[in-house]
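Chains as they are written, first to last, in my numbering: chain A, 1 to 323; chain B, 324 to 646. Don't be surprised by glycine CBs; every beta carbon is placed ideally from N, CA and C. These figures come from a predicted structure and were not determined experimentally.
2 protein chains.
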Amino acid sequence: MATIKDVAKKAHVSVATVSRVINQKGYVNEETRKLVLTAIEELNYVPNELARSLFQKRSHIVAVVMPHLTSYYFSDLLEVIEDETINANYRLMICNSMDNPEKESKYLKIFEQYNVDGIILISNTNRIQDYQKLHIPMIEIDHNLSEEIPSIASNNYLGGKLAAEKLISTGCRKILHFRGPSNLVTVAERTRGFHSVLTKDIAVYTYDLAFISPDPLDIEEKINNHLDCDGIFCESDIIAMLAIQSLKKIGKKIPDDVQVIGFDNIQLASMIEPKITTIAQSTETIGKTALNTMMRLINGEILESFNQIIDVELIERDTTKKA
Amino acid sequence: MATIKDVAKKAHVSVATVSRVINQKGYVNEETRKLVLTAIEELNYVPNELARSLFQKRSHIVAVVMPHLTSYYFSDLLEVIEDETINANYRLMICNSMDNPEKESKYLKIFEQYNVDGIILISNTNRIQDYQKLHIPMIEIDHNLSEEIPSIASNNYLGGKLAAEKLISTGCRKILHFRGPSNLVTVAERTRGFHSVLTKDIAVYTYDLAFISPDPLDIEEKINNHLDCDGIFCESDIIAMLAIQSLKKIGKKIPDDVQVIGFDNIQLASMIEPKITTIAQSTETIGKTALNTMMRLINGEILESFNQIIDVELIERDTTKKA
DNA sequence: TTGTAAGCGTTATCAC
DNA sequence: GTGATAACGCTTACAA
Numbered sequence: 001m002a003t004i005k006d007v008a009k010k011a012h013v014s015v016a017t018v019s020r021v022i023n024q025k026g027y028v029n030e031e032t033r034k035l036v037l038t039a040i041e042e043l044n045y046v047p048n049e050l051a052r053s054l055f056q057k058r059s060h061i062v063a064v065v066m067p068h069l070t071s072y073y074f075s076d077l078l079e080v081i082e083d084e085t086i087n088a089n090y091r092l093m094i095c096n097s098m099d100n101p102e103k104e105s106k107y108l109k110i111f112e113q114y115n116v117d118g119i120i121l122i123s124n125t126n127r128i129q130d131y132q133k134l135h136i137p138m139i140e141i142d143h144n145l146s147e148e149i150p151s152i153a154s155n156n157y158l159g160g161k162l163a164a165e166k167l168i169s170t171g172c173r174k175i176l177h178f179r180g181p182s183n184l185v186t187v188a189e190r191t192r193g194f195h196s197v198l199t200k201d202i203a204v205y206t207y208d209l210a211f212i213s214p215d216p217l218d219i220e221e222k223i224n225n226h227l228d229c230d231g232i233f234c235e236s237d238i239i240a241m242l243a244i245q246s247l248k249k250i251g252k253k254i255p256d257d258v259q260v261i262g263f264d265n266i267q268l269a270s271m272i273e274p275k276i277t278t279i280a281q282s283t284e285t286i287g288k289t290a291l292n293t294m295m296r297l298i299n300g301e302i303l304e305s306f307n308q309i310i311d312v313e314l315i316e317r318d319t320t321k322k323a
Numbered sequence: 324m325a326t327i328k329d330v331a332k333k334a335h336v337s338v339a340t341v342s343r344v345i346n347q348k349g350y351v352n353e354e355t356r357k358l359v360l361t362a363i364e365e366l367n368y369v370p371n372e373l374a375r376s377l378f379q380k381r382s383h384i385v386a387v388v389m390p391h392l393t394s395y396y397f398s399d400l401l402e403v404i405e406d407e408t409i410n411a412n413y414r415l416m417i418c419n420s421m422d423n424p425e426k427e428s429k430y431l432k433i434f435e436q437y438n439v440d441g442i443i444l445i446s447n448t449n450r451i452q453d454y455q456k457l458h459i460p461m462i463e464i465d466h467n468l469s470e471e472i473p474s475i476a477s478n479n480y481l482g483g484k485l486a487a488e489k490l491i492s493t494g495c496r497k498i499l500h501f502r503g504p505s506n507l508v509t510v511a512e513r514t515r516g517f518h519s520v521l522t523k524d525i526a527v528y529t530y531d532l533a534f535i536s537p538d539p540l541d542i543e544e545k546i547n548n549h550l551d552c553d554g555i556f557c558e559s560d561i562i563a564m565l566a567i568q569s570l571k572k573i574g575k576k577i578p579d580d581v582q583v584i585g586f587d588n589i590q591l592a593s594m595i596e597p598k599i600t601t602i603a604q605s606t607e608t609i610g611k612t613a614l615n616t617m618m619r620l621i622n623g624e625i626l627e628s629f630n631q632i633i634d635v636e637l638i639e640r641d642t643t644k645k646a
């Protein structure tokens, strides 16, 4: 492993000069620059980022904290975040909190130890204060737990609203609402949006399910308890898939007897039959916005918007009636 | 951010002593040890891992290279790898190659710059030589491209064999084989295993599909072209799901008319109806073995086995007949 | 335009 | 047992 000294020696200059050409900072004669460059080439020299980080107190590492990795929505998001991170010339350290405070604590310490430059936080455990103690630039995705932390989230309220509007305008009067754990901000927002358009004559039955692996039997049971329902709003496409399956089993026609709306717009939603009508979250936009915001924060630029809401969209497919 | 000097000052000792208590190395009087410990406590001191890494030339970072993040099998695997990594007291840097050699090159350089301690490689692009130039401990998952790199892979041959045996023993005579891209080692192995038990009287039609987002229409067309087939071996559960859907559409009874076997055993396989009979890969075992091997490699221990094959298992569910 | 040298926060060697 | 101090590989004043 060649060091800057080796390069300096080979190019017959000082390390300072080598450093200057690497960082394109300060004056350096074109001749010597070329000399240094060829030396670098010949030695296959790559600057040691650890040494650099130590001096600059910034590691060029961004950490992302996720509640799990095996959820379809989060995988999609992670893929975007990883790509945007490397494009911004940063590296991504990944932390799967598993909603486990102990594991999160462990990582919190690591962020400090490595002079992590920024933290992208998607967390349900309420340790915001611990994060803030770190004094590391930080943004939240899908949550907005503190006034001091910039956030990026889908317009979950709108998502709930769009779903309700669609269902009601196409005639639904008895609706099942399968949502995620009710302590999640996203879930609360969607519920709020959903209820915002309900009128007295609409009956809604709400049930909390796990997002990751919802129990198919549970869904089936709820549906069987409401055989006369004519609409189901599911807060994930996976839940929608399972609901559709249960409906088919009892001979319900979709969307004629019962309409179904999912959430997320994962790839599977358009691959299966019937193709699921869903509220699309743009992981693309969320991820891009997240990294854009992160970079501004790291560079000390001012944010033009502190809490950014990303629009969601109703994608009409086969599980709802045409307007 | 308190440094070791601050601690030393506060405890009225030298930095050397502080270093000794932190690392529990060398002699240090119990009294002074306590003094130092309380100073650390009071200052909320955490050792700077960057400085440490610079000196020791090891970063305690493990990198994982994956071809994508949004595949169900890879997400499962990543979750295990992340957990095992942090449990081994290492941190995980994530690299999504997207089968893109340029992106991989970029990361290759980064691994060098950060003194990454180990690389867990899952890659289809053939850049093994570039990786080997790095002289960083490395293991491969799902591949076995070089004699010099330890590997961990499912017994894909066995997987193919088990599927064929099951299908044939339950009477299948005309089988469709939906596999992944044929240039993948895993796919080739499965195919080899599958064919190993075929006899003259069994007809097999093989088609290559994308693992990530196989085209449902494509699958449907192939099935329609072989309406008299009585068995389908799919090299992913997602493909199996789509095949089942197409079969249902044309009124085929599963497993009576057509039997279906998937691969991977993703969560969804047991959630949907009919529950998919599948060849289970143990991401748990693969991930654990991977990190175990990685740690031995990093610590310079000898490996008792160089190319480790993890057993797969036929999970019989609703899409195949009982023996 | 270039070189010298201090310093980033650690660890390890060697005196004491 | 403990404390100076050099070293890890780099950047950046400051001098020259």
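Suppose you measure from the CA of residue i to the CA of residue j; what does that come to, to the nearest Å?
{"i": "I609/B", "j": "P537/B", "result": "25 Å"}
{"i": "A603/B", "j": "N371/B", "result": "43 Å"}
{"i": "Q113/A", "j": "L373/B", "result": "7 Å"}
{"i": "I139/A", "j": "P67/A", "result": "15 Å"}
{"i": "A411/B", "j": "M618/B", "result": "8 Å"}
{"i": "V359/B", "j": "N352/B", "result": "11 Å"}
{"i": "K484/B", "j": "G516/B", "result": "4 Å"}
{"i": "I445/B", "j": "D399/B", "result": "14 Å"}
{"i": "S154/A", "j": "L198/A", "result": "21 Å"}
{"i": "K363/B", "j": "H383/B", "result": "According to the sequence shown, residue 363/B is Ile rather than Lys. Their backbone Cα atoms lie some 22 Å apart in a straight line."}
{"i": "K644/B", "j": "I562/B", "result": "19 Å"}
{"i": "A16/A", "j": "L78/A", "result": "39 Å"}
{"i": "K572/B", "j": "I442/B", "result": "46 Å"}
{"i": "A164/A", "j": "E471/B", "result": "59 Å"}
For chain A, is any of its Cβ atoms less than 7 Å away from the one on residue i?
{"i": "P504/B", "result": "no"}
{"i": "Y437/B", "result": "yes"}
{"i": "N419/B", "result": "yes"}
{"i": "V369/B", "result": "yes"}
{"i": "E558/B", "result": "no"}
{"i": "D399/B", "result": "yes"}
{"i": "E365/B", "result": "no"}
{"i": "T393/B", "result": "yes"}
{"i": "E405/B", "result": "yes"}
{"i": "L637/B", "result": "no"}
For the beta strand (DSSP E) holding residue i, just list the boundary residues, first then last.
{"i": "K9/A", "result": "First-last for K9/A: I4 to A11, but that is the alpha helix (DSSP H), not the beta strand (DSSP E)."}
{"i": "N96/A", "result": "R91 to N96"}
{"i": "D208/A", "result": "A203 to D208"}
{"i": "I330/A", "result": "What the structure shows of chain A is the stretch from 1 to 323, and residue 330/A is not part of that stretch, so it cannot be assessed."}
{"i": "R179/A", "result": "K174 to R179"}
{"i": "E313/A", "result": "E313 to I315"}
So with Cβ pairs under 7 Å, would you call residue i a contact of chain B?
{"i": "M93/A", "result": "yes"}
{"i": "L108/A", "result": "no"}
{"i": "P137/A", "result": "no"}
{"i": "P255/A", "result": "no"}
{"i": "A399/A", "result": "With chain A covering only 1 through 323, there is no way to say anything about residue 399/A."}
{"i": "A51/A", "result": "yes"}
{"i": "Q281/A", "result": "no"}
{"i": "L134/A", "result": "no"}
{"i": "E140/A", "result": "no"}
{"i": "L167/A", "result": "no"}
{"i": "L209/A", "result": "no"}
In chain B, what lies closer than 7 Å to residue i by C-beta?
{"i": "Q267/A", "result": "S536"}
Indicate, with yes or no, if the ligand SAM has a heavy atom lying under 6 Å from the CB of residue i.
{"i": "V385/B", "result": "For the structure depicted, the ligand SAM is absent and the ligand set is empty, with no information on it obtainable."}
For the alpha helix (DSSP H) containing residue i, name the first residue and the last one.
{"i": "Q281/A", "result": "Here Q281/A belongs to no alpha helix (DSSP H), and DSSP marks it neither H nor E."}
{"i": "T191/A", "result": "V185 to S196"}
{"i": "L217/A", "result": "P216 to N224"}
Anything in chain A within Cβ reach of residue i, meaning under 7 Å, just list it in chain order.
{"i": "P539/B", "result": "M271"}
Name the chain A residues whose beta carbon is nearer than 8 Å to that of residue i?
{"i": "H549/B", "result": "Within chain A, no residue comes near H549/B; the closest Cβ sits about 19 Å away, beyond 8 Å."}
{"i": "K572/B", "result": "E273"}
By the criterion of Cβ-Cβ separation under 9 Å, what are the contact partners of residue i in chain B?
{"i": "I86/A", "result": "C418, N419, K426, K429, Y430 and I433"}
For a contact meaning CB atoms closer than 8 Å, what does residue i contact in chain B?
{"i": "Q245/A", "result": "I595 and E596"}
{"i": "E30/A", "result": "Result: empty, since nearest Cβ-Cβ is about 26 Å, beyond 8 Å."}
**Asked** Hey, which unbroken runs of the beta strand (DSSP E) at 3 residues or more fall wholly within the region 27-77 of chain A?
**Response** Counting whole runs of 3 or more residues, the region 27-77 of chain A contains the beta strand (DSSP E) stretches 61-66.
**Message:** Suppose only complete runs of 4+ residues qualify. What are the alpha helix (DSSP H) ranges in the region 238-309 of chain A, listed by chain order?
**Reply:** Runs of the alpha helix (DSSP H) inside the region 238-309 of chain A: 283-298.
**Message:** Suppose only complete runs of 3+ residues qualify. What are the beta strand (DSSP E) ranges in the region 436-481 of chain B, listed by chain order?
**Reply:** The beta strand (DSSP E) runs lying completely inside the region 436-481 of chain B and spanning 3 residues or more are 441-444, 461-464 and 474-477, given in chain order.
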